[in-house]
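Taken in order, the sequence shown gives residues 1498 to 2120; the numbers are from our numbering. Virtual Cβ for every residue (Gly too), placed ideally from N, Cα, C. A quick note: this is a predicted structure, and the numbers were derived from the prediction, not measured. Please read the structure below before turning to the comments.
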Amino acid sequence: MWDFCVIFPPKIDRIPIKCKNNSMRKNNVQNAARKRTVKRRKMSPLLKLLCFLLSVVCLGLVAFLGFQLFNLDMLPLTLLLPVLFVVILITLLIIVFSNFKCRRNVSKLVMTILLAVLATTYGLGNYYVYGLSNLFNEVTNLTDKVVNKVNVYALAGSSMASASDLNGKTLGIVTGLDEQGTKRCIEDLNEKNVEIETAEYSTLSDLLYGLFNEQVDGIILNETYENDIHEQGDYTNFGVMTKRVYETVYYTDRSTSQSESLNAVDSITTTPFTILISGNDSYGSLAQTSRSDVNMLVTIDPSSHRVLMTSLPRDLYVPIACPQGVEDCPDDTLNKLTHTGQYGVEATDETIEKALDITVNYTVRVNFSSLVNLVDAVGGIDVYVEDGLEVDTFYANGTEGVQAGWNHLNGERALAFARERHAYVDGDAQRVKNQQIVLEALINKIISPSMIVNFGSFIDALGGAFETNMPADQIRSFIRYQFAMMPKWQFESFTILGLVSTEYCTIQGDYASVMIPYEEYLQVAKEKIDAVLSGKSSDTVDSPTSDTSLLTLKDYSEYQDQSSTYEDNSTPDTSYQEPSQDYTQNWQVYDTPQYDESVPYQDEMTQYDTSTYDPYADISQGY
C-alpha cells in the first residue's frame, strides 16, 4: 500500500496543476465576457436611437423617390428598375449592418454619419424629381392672360412726376396704333379724376417729333414700341431723354390656339415634327408681350436622329397672319417678322406658316433671361468661331468678345454672341447663324454626362425659362427616348436671306429698315424642312446660288395699297431739333451713341465704332 503511493506521486502532483489551469482559463473566458458585456452596456443609447431613426428616414425617402420616379415616367424601365434595385439593396445592407452588427461606439458613429449622408442624398433627389414634375406642368400650362403695359412719357426735364400732374395736359397718340392700349390708359386716368386732351398723329415719327418739339406735354405709348423708337436714328437716346410719368397695366386673353397645339403629332419619338423657337427681346416674365427677336424652326426626325435648324431674320418682311380673337392686329399686311411677337407667339407661328407654306407642330417661347440662366446653369457652353469672325468686344452689351477657335461662354457672353450683328460683314445673317451655334452647343451640353453635376441648377433655371404648347407627356416621352436610345443627333442648318430695304410697316405705322426675302430662299427652306420630315437629310436639297443677281425678291405688289393712307398724309419735317429746354441734366450725353436695334434700351450706353457697318448692304453677300 505504501509502495503504490510512492510510485505515483508525480501524477498526483500534476492533477491539481491541470485543474488549476482549467480554472484559470474558465476565469479568463468569464472575465472577457464580462468585459464585452460592460462594453455593450456602455454603447450610447442616443447614438443607437439616432441610427435607428436615420434608418427609418432612409427607407422612407428611398421608397418615395422610387414612387416619384415611376410617376414621372421619364426614365425607361430597363434603366429605372436596375438602378432602384441597386440603390434599395445598398440601403438595406447599410441599415442592417449599422443597427445589428456595430458593437462599438466608433463604428456606430461612422455608420450613423453614412446614414445621414444617404438621407440627405435621397432628400435632394426627391426635391429635384418633385421640382422636375412641377416644371413640366409649369411650362406646358400656359397662363390664360397676357400682360400689357402702356406708359405716359414726358421729357426728362418735365416737372410732371405722377398721374395728378397730367391733369389738364395734352398727350399725343398715334391713330391706329395700339388703340386698345391707348383707350385703357385714358380710362385708367379718368378713373383717377385726371382729365387730359389728346393730339392725334399719323405715324410714330410724327408723335416723337411732337414730343421733342413740345407740341404736346407727353405721349401715350405701349412699352413694346420703345425698341422701335430706338431704331430711329434721331431718337436712340429716347430712354434717357424721357421719363415715365404713369404706367397702365392690363391683361388680355391669350389666343385659345396658344394653349394647345392644333397641329400636334401622335408621338414625337416616332413621328417627325417642327418646333418654332421664338425669342422675345425682353428680360423677366414671359407673360409680357414683346417683339420676337429670334425666330428659329427646329425640325426633328427621331428615326434618323436628324435636327434641322432653319433661321428667319427678325427683320424679314412678310404678310402678318393674326390669330383669331387678337384685337388691333393688322391681318394680312406687310410687317417685320419681329413685330408679330407683340400679338403673341401664335401670331409669329401663323405668319411663318403662311410665308413658308409649312406646318408648325409646337411652339417654344423664351426671352433674354431664359438664355442667360440656362447657359449658366449648365456651367457654360463651348462654341467654335471660324477664322475671320473674331470679335474683341460685343456691341450688344459691351462684354468680352470671342476669338478664333473654341470659346467657353457664360450666360451673358452667350447672349451677346447670339445677338451680335454690327461686328460682322454679313450683319443679321451671321447673327442668326450664331444663334444656331448657341442652340446646338446648349443641346450638346444638356445631353452630355457633365449634366449629372449640374442637374440641380439646370432644373432650377428651367422654371420660368420657357413656355410651350407641347404636352408634358410628350416631353417626358422624348426624354425617356433619349435615355433609352442615347442617339447621336446630326445637326443641319439653313438661313433665309434677302435684300435690306426701307419699306412701310403697318404695325409700326411708319417706314422702317426691313429685309425682303428672296423667293428662292423661301422655297428652299420649305423643301429642306419637307426633306427632314420625310426622313432625308436637308443636304439633299441644293442651297440657292450665292450670286444675288440671279435671285428673285419676293413679289409684294398685291400689298401696294397698304401704305396709301400714310402717303396721302402730309408728312412734317421729322428731323430732330434741339428742344428749347435743356434735358441733359439727368443723363449723360455721348458723342456718337450707338444702339443695337435688337437690344432693349439700357441706362448705360456704350460707344462703338460703327464705320464698318452698312445697314443697307446686301447681307447675303459672302454668306
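So, is residue i buried or exposed, given that buried needs 16 or more other C-beta atoms within 10 angstroms?
i, result
"residue 1575", "exposed"
"residue 1919", "buried"
"residue 1542", "exposed"
"residue 1885", "exposed"
"residue 1983", "exposed"
"residue 1817", "buried"
"residue 2019", "buried"
"residue 1809", "buried"
"residue 1933", "buried"
"residue 2070", "Because the pLDDT of residue 2070 is 40, which lies under 50, any placement of that residue in the model is unreliable, and the question is left without a value."
"residue 1821", "exposed"
"residue 1740", "buried"
"residue 1909", "buried"
"residue 1725", "buried"
"residue 1787", "buried"
"residue 1587", "exposed"
"residue 1688", "exposed"
"residue 1645", "buried"
"residue 2014", "buried"
"residue 1736", "buried"
"residue 1708", "buried"
"residue 1861", "buried"
"residue 1711", "exposed"
Residues in the same chain with beta-carbon distance under 8 Å from residue i, minus the five sequence neighbours each way, listed in chain order, please.
i, result
"residue 1663", "1649, 1657, 1686, 1691, 1693, 1714, 1715, 1742, 1743"
"residue 2040", "1991, 2021"
"residue 1605", "1540, 1541, 1544, 1545, 1548, 1595, 1599"
"residue 1790", "1776, 1777, 1778, 1811, 1835, 1838, 1916, 2095"
"residue 1620", "1558"
"residue 1626", "1562, 1565, 1566, 1569"
Less than 8 Å separating the beta-carbons of residue i and residue j?
i, j, result
"residue 1566", "residue 1556", "no"
"residue 1975", "residue 1766", "yes"
"residue 2133", "residue 2037", "Nothing about residue 2133 can be read from this structure; the chain reaches only from 1498 to 2120."
"residue 1935", "residue 1880", "yes"
"residue 1875", "residue 1942", "yes"
"residue 1811", "residue 1848", "no"
"residue 1859", "residue 1967", "yes"
"residue 1769", "residue 1798", "yes"
"residue 1696", "residue 1667", "yes"
"residue 1831", "residue 1814", "yes"
"residue 1665", "residue 1698", "no"
"residue 1996", "residue 2017", "no"
Under 7 Å Cβ to Cβ from residue i, same chain only, skipping five residues before and after it: list those, please.
i, result
"residue 1877", "1905, 1906, 1907"
"residue 2080", "The predicted position of residue 2080 is uncertain, since its pLDDT is 32 and thus under 50; a value taken from the coordinates is nonetheless stated next. The answer, listed in chain order, is 1652, 1653, 1654, 1738."
"residue 1882", "1899, 1900, 1901, 1902, 1904"
Keeping to the same chain, check which residues put their C-beta closer than 6 Å to that of residue i; ignore five residues upstream and five downstream.
i, result
"residue 1927", "1921"
"residue 1615", "1555"
"residue 1891", "1898, 1913, 1917"
"residue 2035", "1805, 1989, 2025, 2028, 2029"
"residue 2007", "1700, 1701, 1702"
"residue 1937", "1988"
"residue 1828", "1819"
"residue 1719", "1647, 1675, 1678"
"residue 1978", "1766"
"residue 1826", "1819, 1840"
"residue 1856", "1760"
"residue 1684", "none"
Locate the alpha helix (DSSP H) running through residue i, then write down its first and last residues.
i, result
"residue 1929", "1925-1943"
"residue 2023", "2016-2030"
"residue 1980", "1969-1982"
"residue 1918", "No alpha helix (DSSP H) holds residue 1918; DSSP gives it neither H nor E."
"residue 1737", "1735-1738"
By the DSSP assignment, the beta strand (DSSP E) with residue i in it spans what residues?
i, result
"residue 1803", "1803-1809"
"residue 1819", "No beta strand (DSSP E) contains residue 1819, which DSSP labels as neither H nor E."
"residue 2002", "1995-2002"
"residue 1987", "1987-1992"
"residue 1895", "No beta strand (DSSP E) contains residue 1895, which DSSP labels as neither H nor E."
"residue 2046", "Looking at the DSSP string, residue 2046 is not in any beta strand (DSSP E), and its letter there is neither H nor E."
"residue 1796", "1789-1798"
"residue 1771", "1770-1777"
"residue 1831", "1831-1833"
So, is the C-beta of residue i closer than 8 Å to a C-beta in chain C?
i, result
"residue 1999", "In the displayed structure, chain C is absent; only one protein chain is listed."
Within the region 1667-1724, ranges of the alpha helix (DSSP H) (whole runs, at least 4 residues): List check, alpha helix (DSSP H) in window: 1676-1688, 1701-1709.
Hey, which unbroken runs of the alpha helix (DSSP H) at 4 residues or more fall wholly within the region 1546-1618? Runs found: 1574-1593.
Start-end ranges of the beta strand (DSSP E) lying completely within the region 1848-1911, minimum 3 residues: The region 1848-1911 contains these whole beta strand (DSSP E) runs: 1859-1864, 1878-1882, 1888-1890, 1897-1899, 1902-1906.
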